[in-house]
Structures are given as structure tokens and as C-alpha cells.
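First up is the structure itself, then whatever we jot down about it.
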Amino acid sequence: MYDEQLDLEHLLGSFDPAERRKALETLHGMLNTAQVSAVPELPAVNLHCHTFFSFNAYGYSPSAYAWEAKKRGLYAAGIVDFDVLDGVDEFLEATELLGVRSLAGMESRVIIPEWRDREINSPGEPGVYYFMGTGFGRGSPELRASHEGLRNMHGLAQQRNRDMLDKLNTYLSELTVDYEQDVLPLTPSGNPTERHMLVALYRKGEQMFPDVKRRARFWADAMELKVDEVLELSERPVDLQMRIRSKLMKKGGPGYSPPDDRRFPSLEDMVKVVLDLHGVPTHTWLDGTSDGEKDTGGMLDFIMDRGAACMNIVPDRNWNIADPEERDRKVSRLHEVVGEAEKRDLPIIVGTEMNKHGQGFVDNFFAGPMRPVRDVFLRGARIMTGHTLLLRSLGIGLLSDTVRERFGSDLRKRNNFFEEIGKLQPGGSSGELQELRQAVKDRWEKED
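Here the sequence shown is numbered in our numbering, starting from 725 and rising by one per residue.
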């Protein structure tokens, strides 16, 4: 039985959506008949996991992540992919089948013209800002093709990729990667990222230079490093790939292009796309050390004035740090930004990304630095998954006109209502889902 479970879990990573769905339904049936087990629900969430529709280091599809979240007992699970909503429908349908509270979003890099001289949350790139939309109720490759705003965002990202690869091919000379033949096949729906190009470069190096020492010389020359250093890195392929990315693809590298308005969407444009698709514009906070983030309250006011109604944090990078002084400084900033968000009734969602090897499946909610803010993070999860449930049930979301009419400017009362929706126990069958949506409707009508 264990071998069958592993085979089915492997199929969850297939690029064939019908194959993934069939495997998920079979696993769900095995769970219901106690042939496989799941951990009881825990006070832990991961609402920021990338899937293979952008890049997941472990190859998770939306269905695979939904299954792992159920199996490991997450209170709530959420996905975020770069520049697309391709996996949203699959993920929401998978979590409804499994009975997991869920959230689905999209992340991109945008330009903030007013802050061209300030580094914000994209290291080394003044004016460039990682920004999210979350809480979408639908999304697929077909939606991307039909929605002009999504199509334009995706097109800009793909053009940046192609420009980078052209530069790298020119620089590397004897090693060339073809975007159509070597990069696109690494993705299920034509949305490769910088990390996919990195994988393609690394694999092409292995093909062209089978001898490890010859390959090490090639990368050493390309990165201006000592051969012995590259040979040592070759024993840890992930570390070598990250060094290649740092040296060749990031700022100062031969594949890098300085940001400008033609290469990135504006913050205003992305907010319009998110709102048009009934999502929630979401500020992404890095660690509070950049020029843009040092004024914690000012940054929040600025971005909320431009539409942000939620905030995302990756806590692990703010406390799981070896250097004690840096750790103390960043933990202090983490607690400060959480406090400022609380003053503004700004819900916070958290997660681990999982687009790099070594990142955990879920944050350690019981670590010392997490304890003072843990309840805030869990409350944010309940508010935002409550938004998803209400949106999927009645077409009403956190920023809907009907919600504004009901709660006015009382954001705390609004958040309390959505949190109560997020506390509802999710079902794992069509009957239970129907009962859940009826309960949501009853709560909404009672509130009225």
C-alpha cells in the first residue's frame, strides 16, 4: 500500500492535469478508507508556496501541495506563482476535495516611480518592488490568455527572460541554451522563470562537459572564480547553481539588465489587475533593513494608500539566522512591522516560498521569535481563507462593495467577521462542501 501511495504522489507532479486529478482523487479515497493517514490539524499555516506553474524546488503541482498540506495537518495552505494564476482553479478544487482551508495568489515585480532612488524589497534594484495579489477565486492558463492585464504581465516577464538568456548565450559563447527547446519544456504551461533558465544552463553544462574537471574550468572562467572553488561547489549542485545565478544573472552579471518602466508593470497596473479579478492587493515585506522599509509605518501607509489590503511575510528569513546580532536586529524589525500592521488592521499572511532547496515545508510557529506574533499570523490566515470561502460561496470578498457598505471604515469589525468564516471546519466531500457553503451563507445573512 505504501508503494501505491508513493506512486500516486509521484503522479501528482505530472504535467498532465487529468493524471494529477485522477491521482489526487485516488489518494483522497484511500484517506477516507484509512489506507493512508494524515496528521491531525495543527496551528500552522503556509500561505506562500510556489508551485511548478512558476517554480517549486520540489516539483510540487497545486494538487501535490494541497495533498501535502492535508497529509501534514496544516490549518490552511496557500499558493503564490510568479506572473500567472494558472494553478488557482486546480489548487482551490484540490483543497475543496481534501477539506483544507485555502488561499491562492500571484506575485510579480513592479515599478514604483516615486521610489526610483530607494531599494525596497528587491535587493540591489532601486524602485523595483515585489508585490502580490492574493485571495483569487479563479485562475487558469485560459484566463491568462483571455485577460489583457494578465497577458501583459506575463508577456513582460517572458521578455525579460528572453533578453537575459540572449545576453548569457552571447557571454558564455560555447554554451548556448534555446528558450523553446531547453527552457519551456521545464514548465507545464509556458511560464518559465529565472530559476528554470538556471536549471537549463546547468543541465546544458553537464551535457557539453561530461568531465567534472572540464566543466568546473568552464564555470570558473565564466564566473571568474578559482577552479578548486567550483570543484568543491560541484559536490553540492544546488549551491553551485545559486552561485551561477548570483554571478551571471543578478545585478552586475552579464545577463542582468537594469530595470526600467518598459520591462516591468507599474504598481498601479498590477493593483488594477488584482482588483479586477476580485483578489486582494498584498504588500510583501522583506526584512525592514532597506531604505524603503526602514520607515515601517510610512511604508505601510504609502502602500495601503495605493490599494494594499493585506501583507505577506516570509518569517524564516527574519529569525532563522546564524549571526546573533543580525538575528536580533531582524527579529526586532519583524515584531515592529507586525505591530504597525496591527494598528492599521492589516491582515498578515506568512509562508516559506519553497522555490529554493532547503526551505522548509512550513514555518516553525513554536520558535521563540515566532511566539509573540504567532497568533497574529494565524488570525491573518483565518481572515484571508475566510475571504476565499466567502468569495467561492457567494461571490463576496474582503474588498467587495457589499462588504464596504456593511462594515464601512470599521476594518476591525470586517476582519472579525471574515475570521469567523475562516474558522469554519472545511469538508472533504461534495455534501460537506455544500453544507459549508450554506453555513457561510447563513453567517452572511445573519450579519446583515
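Every residue, glycine too, gets a C-beta built ideally from N, C-alpha and C.
- If you check the CB distance, lysine 1080 and alanine 781 come in under 7 Å.
- Taking glutamate 1050 as reference, the option from Val1086, Asn1036, Gly1022, Asp1011 with the minimal CA-CA separation is Asp1011.
- For alanine 800, the secondary structure class from DSSP, reduced to helix, strand or coil, is strand.
- Less than 7 Å divides the Cβ of lysine 971 from the Cβ of glycine 977.
- Using a C-beta cut-off of 8 Å, the stretch 946 to 960 makes no contact with the stretch 979 to 995, since fewer than three inter-stretch Cβ pairs fall below that distance.
- The three-state secondary structure of asparagine 1042, taken from DSSP, is helix.
- A distance below 6 Å between beta-carbons, with the five flanking residues on each side excluded, links alanine 747 to the following residues of its chain, in chain order: Leu732, Leu735, Leu736.
- From the listed residues Ile1120, Arg1057, Lys1067, Glu728, the smallest Cα separation to methionine 1094 is found for Arg1057.
- The beta-carbon distance between serine 913 and phenylalanine 1101, rounded to whole angstroms, is 31 Å. This is too long to meet the 8 Å contact definition.
- Between tryptophan 1009 and valine 1061, the C-beta gap is smaller than 7 Å, which places the two residues in contact.
- In terms of Cβ geometry, glycine 1075 and cysteine 773 form a close pair [threshold 7 Å].
- Leucine 1114 sits away from isoleucine 1072, with the two beta carbons spaced by 7 Å or more.
- Here valine 936 is exposed: its Cβ has fewer than 16 other Cβ atoms, across all protein chains shown, within 10 Å.
- At a Cβ-Cβ threshold of 7 Å, leucine 1070 and methionine 1108 do not count as neighbours.
- Of the residues assessed, methionine 932 falls on the exposed side of the cut-off, its CB having fewer than 16 other CB atoms within 10 angstroms.
- The DSSP-derived three-state label of aspartate 807 is coil.
- Here phenylalanine 1090 is exposed, its C-beta having fewer than 16 other C-beta atoms within 10 Å.
- Between glycine 848 and glycine 1152, the gap from beta carbon to beta carbon reaches 7 Å or more.
- Residues of the same chain with a CB within less than 7 Å of the CB of leucine 880, apart from the 5 flanking positions on each side, are Arg987, Phe988, Pro989 in chain order.
- Beta-bridge annotation (DSSP): proline 1005 is paired with Gly857.
- Each residue's CA atom was taken as its position, placing phenylalanine 739 and threonine 911 some 8 Å apart.
- Annotated as distal: leucine 925 and valine 907, with beta-carbon spacing of 7 Å or more.
- In the same chain as arginine 1161, and ignoring 5 residues on each side of it, the C-beta atoms closer than 6 Å to its own belong to Ser1117, in chain order.
- Membership of asparagine 1139 in the alpha helix (DSSP H) is indicated by the continuous run 1135 to 1146.
- The C-beta of valine 763 has fewer than 16 other C-beta atoms within 10 Å across all chains shown, which makes the residue exposed.
- Separation of valine 1055 and aspartate 1025 (C-alpha to C-alpha, rounded to the nearest whole angstrom) is 22 Å.
- For glutamate 820, the enclosing alpha helix (DSSP H) has its first and last residue at 812 to 822.
- The DSSP-derived three-state label of leucine 827 is strand.
- Judged by beta-carbon spacing, histidine 1007 lies beyond the 7 Å limit of isoleucine 1037, meaning their Cβ atoms are not closer than that value.
- Under the DSSP assignment, histidine 772 falls outside any alpha helix (DSSP H), being part of the beta strand (DSSP E) whose first and last residues are 769 to 773.
- Annotation for asparagine 1036: the continuous beta strand (DSSP E) segment containing it runs 1034 to 1037.
- The shortest C-alpha to C-alpha distance from threonine 894 to any of Pro934, Gln883, Ala946 is the one to Ala946.
- Contiguous beta strand (DSSP E) elements confined to the stretch 843 to 900 occur at 852 to 858, taking only those with 3 or more residues.
- By the criterion of at least three beta-carbon pairs nearer than 8 Å, the stretch 812 to 827 is in contact with the stretch 855 to 873.
- Only buried fits glutamate 843, as 16 or more other CB atoms lie within 10 angstroms of its CB.
- Here the alpha carbon of proline 982 sits roughly 31 Å from the alpha carbon of valine 812.
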